[in-house]
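Listed below in structure tokens is the structure:
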């Protein structure tokens, strides 16, 4: 009797005993004694049981006693640990090292990457299943990252040994720096939310300092150097560069060149230091990208200009500038 009483509500539910919403709204909420009316509930059950399919459903869904199981039940449990987040700043000294693995049509264009230099050593130390690298912006493969470095974070997923001492993390930093291609500093653990916020603000808010070597199509004059060095707060309009058009939205971006300083290296060569708004395409500012960036250094000097090499020399937060 107990088994039948326990199964009966299930049978009614499987039989589809449902009262229409419109009919439900018309029902009195209570009888004279303050109790819900029972006649309507009984009427719904009788209506459900009177259908042609009721007997078959009852036989298959609410057997009493229930049949003995022939297949043992199985239970699987998976436990995941919270990811460990490491953060710091990196400098990149190689002009043949991309920030992340550069794979085209299944083949590598360059051996290694900044991300792999860090995660290949951090993942086994924490026994993680995977390491995900993120940074505040990125530089091209042939651009060095110098100065104070670029902020980055590494997410170590499902770590088996999530707790490491400060000495072990310091040793990890030394081992990463031993490769000679990159150098990191300030490696430490931090919460994911805090690091993500810092890097997002840094990617959008900071200014960038660059140093590049530029070759001109004509001989430099003292007037050229004076014109370059007197340029401040120049607003340039950049149509999405040809080289990134396959992965960037086609649009015009206004960017500010805050400072230009030039030093003569040869008759047609100069060293150019510049401070720009975050998101400026510096290579295109130098050569103009077939007129897609205007004004450019070439248009300012009235000649063709090309960039030979480029370094990021620093990231300056807006708060520091103001």
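In UniProt numbering, the protein residues as written are 1 to 322.
Note that beta-carbon positions come from the ideal geometry of N, C-alpha and C, so glycine has one too.
Alpha-carbon to alpha-carbon, residue j and residue i
{"i": "residue 227", "j": "residue 142", "result": "29 Å"}
{"i": "residue 268", "j": "residue 105", "result": "39 Å"}
{"i": "residue 334", "j": "residue 182", "result": "What is shown of the chain runs 1 to 322, which leaves residue 334 out entirely."}
{"i": "residue 25", "j": "residue 48", "result": "Per-residue confidence for residue 25 stands at a pLDDT of 49, beneath the threshold of 50, marking its modelled position as unreliable; the derived number appears in the next sentence. Taking the straight line from one Cα to the other gives about 20 Å."}
{"i": "residue 165", "j": "residue 179", "result": "23 Å"}
{"i": "residue 214", "j": "residue 262", "result": "10 Å"}
{"i": "residue 23", "j": "residue 63", "result": "Residue placement at residue 23 is poorly supported in this model, since its pLDDT is 47, which falls under 50; the coordinates still yield a value, given next. The straight-line gap from Cα to Cα measures roughly 31 Å."}
{"i": "residue 217", "j": "residue 280", "result": "24 Å"}
{"i": "residue 306", "j": "residue 245", "result": "20 Å"}
{"i": "residue 295", "j": "residue 289", "result": "11 Å"}
{"i": "residue 78", "j": "residue 169", "result": "28 Å"}
{"i": "residue 73", "j": "residue 133", "result": "41 Å"}
{"i": "residue 286", "j": "residue 97", "result": "23 Å"}
{"i": "residue 264", "j": "residue 272", "result": "9 Å"}
{"i": "residue 327", "j": "residue 68", "result": "Past the edges of the chain, shown from 1 to 322, lies residue 327, and the structure says nothing about it."}
{"i": "residue 250", "j": "residue 243", "result": "12 Å"}
{"i": "residue 188", "j": "residue 71", "result": "51 Å"}
{"i": "residue 266", "j": "residue 299", "result": "20 Å"}
{"i": "residue 172", "j": "residue 95", "result": "24 Å"}
{"i": "residue 174", "j": "residue 186", "result": "11 Å"}
{"i": "residue 343", "j": "residue 197", "result": "Because the chain here runs from 1 to 322, residue 343 falls outside it and cannot be looked at."}
Contact check, residue i vs residue j, beta carbons under 8 Å
{"i": "residue 184", "j": "residue 90", "result": "yes"}
{"i": "residue 210", "j": "residue 316", "result": "no"}
{"i": "residue 292", "j": "residue 241", "result": "yes"}
{"i": "residue 282", "j": "residue 212", "result": "yes"}
{"i": "residue 297", "j": "residue 220", "result": "no"}
{"i": "residue 232", "j": "residue 258", "result": "yes"}
{"i": "residue 176", "j": "residue 125", "result": "no"}
{"i": "residue 161", "j": "residue 127", "result": "yes"}
Cut-off 6 Å between Cβ atoms - residues of its own chain near residue i, not counting five sequence neighbours on either side
{"i": "residue 145", "result": "91, 92, 139, 312"}
{"i": "residue 308", "result": "213, 215"}
{"i": "residue 260", "result": "228, 231, 274"}
{"i": "residue 130", "result": "157"}
{"i": "residue 224", "result": "301"}
{"i": "residue 252", "result": "237, 239"}
{"i": "residue 6", "result": "Note that residue 6 scores 43 on pLDDT, short of 50, meaning its location in the model is unreliable; the coordinates nonetheless yield the value given after this. So no residue of the chain qualifies."}
{"i": "residue 304", "result": "217, 298"}
Sequence-distant residues of its chain with Cβ nearer than 7 Å to residue i (five each side left out)
{"i": "residue 235", "result": "254, 256"}
{"i": "residue 99", "result": "113, 114, 115, 135, 138, 139"}
{"i": "residue 248", "result": "240"}
{"i": "residue 310", "result": "143, 210, 212, 282, 283"}
{"i": "residue 32", "result": "Residue placement at residue 32 is flagged as unreliable, the pLDDT there being 49, under the threshold of 50; a coordinate-derived value is accordingly withheld."}
{"i": "residue 46", "result": "none"}
{"i": "residue 195", "result": "85, 87, 153"}
Close Cβ partners of residue i (< 8 Å) along its chain, the five nearest in sequence each way excluded
{"i": "residue 102", "result": "108, 109, 110, 113, 141"}
{"i": "residue 190", "result": "85, 86, 87, 153"}
{"i": "residue 314", "result": "146, 147, 148, 208, 209"}
Any non-hydrogen atom of the ligand MG within 7 Å of residue i CB
{"i": "residue 248", "result": "With respect to small molecules bound, the structure shown includes none, and the ligand MG cannot be examined in it."}
**OP:** At 4 residues or longer, and completely inside the region 156-212: list those alpha helix (DSSP H) runs for me, N to C.
**Re:** If we require 4 residues or more, the alpha helix (DSSP H) runs fully inside the region 156-212 come out as 166-177, 192-205.
Subject >> Cβ contact (3+ pairs, closer than 8 Å) linking the region 156-163 and the region 81-94 >> reply: Taking a cut-off of 8 Å on C-beta distances, the region 156-163 touches the region 81-94, as three or more cross pairs fall below it.
Subject >> Sequence ranges, alpha helix (DSSP H) only - wholly within the region 111-153, length at least 4 >> reply: Whole alpha helix (DSSP H) segments, 4+ residues: 114-126.
**OP:** Go through the region 210-243 residue by residue and report every complete run of the alpha helix (DSSP H) that reaches 4 residues or more, in order.
**Re:** Secondary structure within the region 210-243: the alpha helix (DSSP H) runs of 4 or more consecutive residues, fully enclosed, are 222-229 (chain order).
**OP:** May I have a chain-ordered list of the beta strand (DSSP E) segments no shorter than 3 residues that lie completely inside the region 275-311?
**Re:** Runs of the beta strand (DSSP E) lying entirely within the region 275-311, each at least 3 residues long, are absent.
**OP:** Note down, one range per segment and in chain order, each beta strand (DSSP E) of at least 3 residues found wholly within the region 76-109.
**Re:** 84-92, all fully within the region 76-109.
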